[in-house]
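Position 121 (the sequence shown) corresponds to 117 in my numbering; numbering is contiguous.
Glycine included, every Cβ here is placed at the ideal spot set by N, Cα and C.
As structure tokens, the structure follows; a few thoughts come after it.
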Amino acid sequence: MNLMDGTPAYRRWLDDMQLGHPLTIAGPCSAESREQVLETARRLTGGRVTVFRAGVWKPRTKPGNFEGVGEIALPWLQEVKKETGLEPLIEVATPYHVEAALRHGIRMMWIGARTTANPFAVQEVAEALRGNSDVIVLVKNPVNPDTALWIGAVERLMRAGLTNLGAVHRGFSVYNPGPYRNKPKWQIPLQFKRHFPGMPMIIDPSHICGRRDCLFDIAQMALDLQYDGVMIESHRDPDRAWSDAAQQVTPETLHDIIRRLMVRKTNAQEGRARDKLLEYRRHIDIIDEQLLELLAERMKVVREIGRLKRSHNISLLQPQRWNEVFERAVRFAARHGLNEDFIKAVFTAIHEESLWQQKNGKKPED
Ligand code: PEP
Ligand code: MN
């Protein structure tokens, strides 16, 4: 992809690393002490981890929680690099953070979800990074499910001359996140990927799950969707972590998760076809989930209508209204190349179920 003046807007910096496997980023949610940082880093070596993450300044939802140790952690990260070779990666949210990071030789930074949601803050960070085109910047998705806001943040960095860019999918803060801390909403990162083809997309299962037992499944799903890397929080003593304790894992568990992940083989012809098939199936799974969510939403509204009709003594079946719904669906189907009989069957089933839902909340057993 090119900017209007013809300069490359982003580089495939990940190819330079020649990893032969997904980029693996691990490290604690927060840097707490020199010992905690160094011990965690040491125990993270010897596997596939090449980048060591640690939050130095922590954006907290509520005041009074641990807000990070601040700049004193930066020399600890220099030590990590020197002793283990792991590349440090920290979160930056203000020009001050960027300047301090640069002064301490940090060459990888991420922009957090709360910052991505704020164009003023992203612009300031981008300006502070101007002239440091070798720095790798990973942009987390904004807290709210808004693809354009995410894309806009990346564009601000591009306009500041940064080309080593990547994206991190950490899930979205929604009213009803289901079993997750932050709902994955896979369709949004897929949209982002279509907008910036080739830009590395990294999964952050820790902030999606908010707990340990679903990290593997989310990471595997992402690899099946051809993501380029994983970022997982790991702490030497997770239960005693000063932030995000419930979702962190020990370095040993981290190694185990990474070892179990199935990585696609994109070289062999046969492997490619299989991988593509798996990717399509994952897309189908995502679409099916959306279909089911929409049906559940429709039935909720239908039950509201039922209550309203009952309280105003209006008849349940309103044939004219139903004909309109039905006809509209058939017309829509024709425009989208959908088989008319199929759509009629689907809408008849939906209508029948809706009537039961309006009447008594559920269909009796046959
Ligand atoms: C983090 O990675 O620890 C963090 C604060 O992430 P996010 O911005 O995704 O909440
Ligand atoms: Mn965290």
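- Beta bridge pairing from DSSP links VAL135 with ILE107, ALA163.
- Not one heavy atom of the ligand MN sits closer than 6 Å to the Cβ of CYS210.
- One Cα belongs to LEU15, the other to ASP224, and the distance between them is close to 11 Å.
- Look at CYS205: its beta carbon is at least 6 Å from all of the heavy atoms in the ligand MN.
- Out of LEU274, ARG190, ARG110, the CA that lies nearest to the CA of LYS58 is found in ARG110.
- With fewer than 16 neighbouring CB atoms inside 10 Å of its own CB, SER129 falls in the exposed class.
- In the structure shown, the three-state DSSP call for LYS179 is strand.
- Each residue's CA atom was taken as its position, placing GLU229 and ARG7 some 27 Å apart.
- Boundaries of the beta strand (DSSP E) around ALA22: 19 to 23.
- Taken in chain order, the whole alpha helix (DSSP H) runs of length 4 or more contained in the segment 49 to 137 are 69 to 80, 91 to 99, 109 to 112, 115 to 125.
- Following the DSSP letters along the chain, one finds ILE199 inside the beta strand (DSSP E) bounded by residues 197 to 199.
- MET104 is positioned such that its CB atom lies no closer than 7 Å to that of ALA97.
- Inside the segment 182 to 266, DSSP marks whole beta strand (DSSP E) runs of 3 or more residues at positions 197 to 199, 225 to 229, from first to last along the chain.
- Within its own chain, the residues whose Cβ lies closer than 6 Å to the Cβ of PRO24, once the five positions on either side in sequence are excluded, are THR36, ALA50, HIS231, listed in chain order.
- Counting only heavy atoms of the ligand MN, the residues whose C-beta sits closer than 5 Å to one of them are, along the chain, CYS25, ASP240.
- Nearest C-alpha to LYS340 among ASN319, ASN356, LEU351: ASN319.
- Pairing ILE198 with VAL150 gives a Cβ-Cβ distance that is not under 7 Å.
- By the CB criterion at 7 Å, HIS203 and GLY167 fall inside the cutoff.
- In terms of Cβ geometry, VAL33 and GLU83 do not form a close pair [threshold 7 Å].
- Between VAL135 and VAL88, the C-beta spacing is not below 7 Å.
- Contact check for ALA113 against VAL139 passes: the beta carbons are separated by less than 7 Å.
- In this structure, LYS136 has its beta carbon less than 6 Å from a heavy atom of the ligand PEP.
- Below 8 Å, enough C-beta pairs join the segment 180 to 189 and the segment 274 to 291 to call them touching: three or more.
- At least one heavy atom of the ligand PEP falls within 6 Å of the beta-carbon of GLY108.
- Only buried fits PHE192, as 16 or more other CB atoms lie within 10 angstroms of its CB.
- Across the set MET295, ARG38, GLY43, the C-alpha of GLY43 shows the shortest separation from the C-alpha of LEU19.
- Inclusion of ARG166 in the 6 Å shell around the ligand PEP follows from its C-beta lying nearer than that to a non-hydrogen atom of the ligand.
- Cβ contact annotation for ILE147 (same chain, cutoff 6 Å, sequence separation greater than five): HIS191, in chain order.
- The beta carbon of GLY51 sits closer than 6 Å to at least one heavy atom of the ligand PEP.
- A Cβ-Cβ contact shorter than 7 Å links VAL298 with SER350.
- Using a 10 angstroms sphere on the CB of ASP200, the tally of other CB atoms reaches 16 or more, which defines it as buried.
- LYS305 has its alpha-carbon roughly 7 Å from the corresponding atom of LEU312.
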